[in-house]
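Taking this note's numbering, the leading residue of the sequence shown gets 82, the next gets one more, and so forth. A virtual CB, placed ideally from N, CA and C, is assigned to each residue, including glycine.
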Amino acid sequence: MMHSNVETVPYEAGRIVKTDVEIDLSALGGKSVVITGAARGLGRAYAEAFAAAGAFVTIGDIDIEAANDLVAKLDGEAIAVRCDVREWKDQLDLFENAIHSSTSRSIDIVIANAGLGGAGDPMMVEQDPDELPSEPALATTDVNLKGLLYTTKLATHYFRRFQKRDGRKDRCLILKSSMAGFIDWPKALQYPASKAAVRMIMKCLRRTVWKDGIRVNVVAPAFVDTGIIPEPFKSKLIAAGMQFASIDDAVKAVLRISCDPTIHGRSLAVIPRAFSPEGYVDLESDDMAPGDNLYVFEQMALSMKV
Numbered sequence: 082m083m084h085s086n087v088e089t090v091p092y093e094a095g096r097i098v099k100t101d102v103e104i105d106l107s108a109l110g111g112k113s114v115v116i117t118g119a120a121r122g123l124g125r126a127y128a129e130a131f132a133a134a135g136a137f138v139t140i141g142d143i144d145i146e147a148a149n150d151l152v153a154k155l156d157g158e159a160i161a162v163r164c165d166v167r168e169w170k171d172q173l174d175l176f177e178n179a180i181h182s183s184t185s186r187s188i189d190i191v192i193a194n195a196g197l198g199g200a201g202d203p204m205m206v207e208q209d210p211d212e213l214p215s216e217p218a219l220a221t222t223d224v225n226l227k228g229l230l231y232t233t234k235l236a237t238h239y240f241r242r243f244q245k246r247d248g249r250k251d252r253c254l255i256l257k258s259s260m261a262g263f264i265d266w267p268k269a270l271q272y273p274a275s276k277a278a279v280r281m282i283m284k285c286l287r288r289t290v291w292k293d294g295i296r297v298n299v300v301a302p303a304f305v306d307t308g309i310i311p312e313p314f315k316s317k318l319i320a321a322g323m324q325f326a327s328i329d330d331a332v333k334a335v336l337r338i339s340c341d342p343t344i345h346g347r348s349l350a351v352i353p354r355a356f357s358p359e360g361y362v363d364l365e366s367d368d369m370a371p372g373d374n375l376y377v378f379e380q381m382a383l384s385m386k387v
């Protein structure tokens, strides 16, 4: 399928994403999409939606049996590749398989979705202050930050290759953060810290990658009842009055970013319908304007020649 050569727009502060618009899914036909952590949860829902829209989907997941099971059930073209996002070689194999298996021999959309939750964070375990502390396991950081950095590096590398090859100037990288990356979250350390880092990765990239025809955005779900939240933790959330966002709205936010070439450098939150009729909103929290205390420092940083 031929794709129109839409120009990627530079980041512009204040360009708020309107969520009450219809999504043109025809833009996804024939696209090649890579999704990490796509065998379950939101990743699985993303894969199903892209396949149904006519995209070729490459599913990366450490659970290859679940990934293969999903491929067998998808309404569309897809492959599964075993991928531990903490391993560079696994992610490299994921991208290479996506390229060589897709009809277009290309990649158009990458969703860095793989992640670990924050329950039971070893960093929060208080030990006897009179004893030597034990080394905390950093698995959550390794998956949520190291793994996402690998995905980001590979996505931008291959996007630049294909832009040079075919001249198309709208490829899309979606980084999955969380509402925990935007608020105080004293129940854990690694999870909110890693998700806050995702915001900064987007903000660092958005000023430059558009020149290579790349858009980068963040999707930040609140709690979504995907069936993989541990039941004891889910019960605590309900007891605290927490409402859950919708899987369908999480999918809608990702599809909106993927289909609209004007969305660049934004963070979209997926939230309960009680707070937004569309189930997702532009957080409007990553822009600085004249008068902000940090604005002058940001302008100096942007003007540096490196």
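Assignment of residue 348 by DSSP, reduced to helix, strand and coil, places it in the strand class.
Buried is the label assigned to residue 297, since at least 16 other Cβ atoms lie within 10 Å of its Cβ. Judged by their CB atoms, residue 353 and residue 303 are nearer to each other than the 8 angstroms cut-off. For secondary structure counted as the alpha helix (DSSP H) over 4 or more consecutive residues, the segment 208-243 holds no complete run. In this structure, DSSP gives residue 264 a state outside helix and strand, which the three-state scheme calls coil.
Rounded to whole angstroms, residue 166 and residue 143 show a C-alpha spacing of 8 angstroms. Taken atom to atom, the span from the alpha-carbon of residue 330 to that of residue 233 is near 24 angstroms. Secondary structure remark: continuous beta strand (DSSP E) runs of at least 3 residues inside the segment 250-294, in chain order: 252-257. Between residue 313 and residue 326, the alpha-carbon positions lie close to 19 angstroms from each other. Taking 8 angstroms as the upper bound for CB-CB distance, residue 290 and residue 351 are not in contact here, some 24 angstroms apart. Contact check between the segment 134-148 and the segment 203-215: fewer than three CB pairs, one atom from each, fall below 8 angstroms, which does not count as touching. Rounded to the nearest angstrom, the Cβ distance from residue 98 to residue 344 is 6 angstroms, consistent with a contact under 8 angstroms. Bridge partners of residue 91 according to DSSP: none are assigned.
Only buried fits residue 338, as 16 or more other CB atoms lie within 10 angstroms of its CB. Between residue 192 and residue 335, the gap from beta carbon to beta carbon is short of 8 angstroms. Ranked by Cα distance from residue 199, the first of 176, 119, 273 is 273. Cβ neighbours of residue 179 within its own chain (closer than 7 angstroms, five residues either side excluded): 113, 115, 139, 188. DSSP places residue 130 inside the alpha helix (DSSP H), whose first and last residues are 122-133. For residue 378, the three-state secondary structure derived from DSSP is helix. Taking residue 362 as reference, the option from 349, 223, 341, 253 with the minimal CA-CA separation is 349. Excluding its 5 nearest sequence neighbours in each direction, residue 183 has C-beta neighbours in its own chain below 6 angstroms: 113, 137, listed in chain order. Residues 287, 288, 291, 345, 346 of the same chain have their beta carbon placed closer than 7 angstroms to that of residue 92, with the five preceding and five following residues left out of the count. For residue 113, the beta-bridge partners assigned by DSSP are 137. Straight-line measurement puts the Cα of residue 241 at about 8 angstroms from the Cα of residue 295.
Annotated three-state conformation of residue 192 is strand, per DSSP. Residue nearest to residue 265 within the set 282, 256, 132, 277 is 277 (criterion: CA-CA distance).
Note on residue 196: 16 or more other CB atoms within 10 angstroms of its CB, so buried under the neighbour-count rule. Counting only the Cα atoms, residue 154 lies some 45 angstroms from residue 369. Inclusion of residue 300 and residue 328 in the CB contact set at 8 angstroms is not warranted, their separation being larger than that value. Residue pairing for residue 373: DSSP places it in a beta bridge opposite 371. C-alpha of residue 366 to C-alpha of residue 94: approximately 10 angstroms in a straight line.
Within a 10 Å sphere around the beta-carbon of residue 244 sit 16 or more other beta-carbons, which makes this residue buried.
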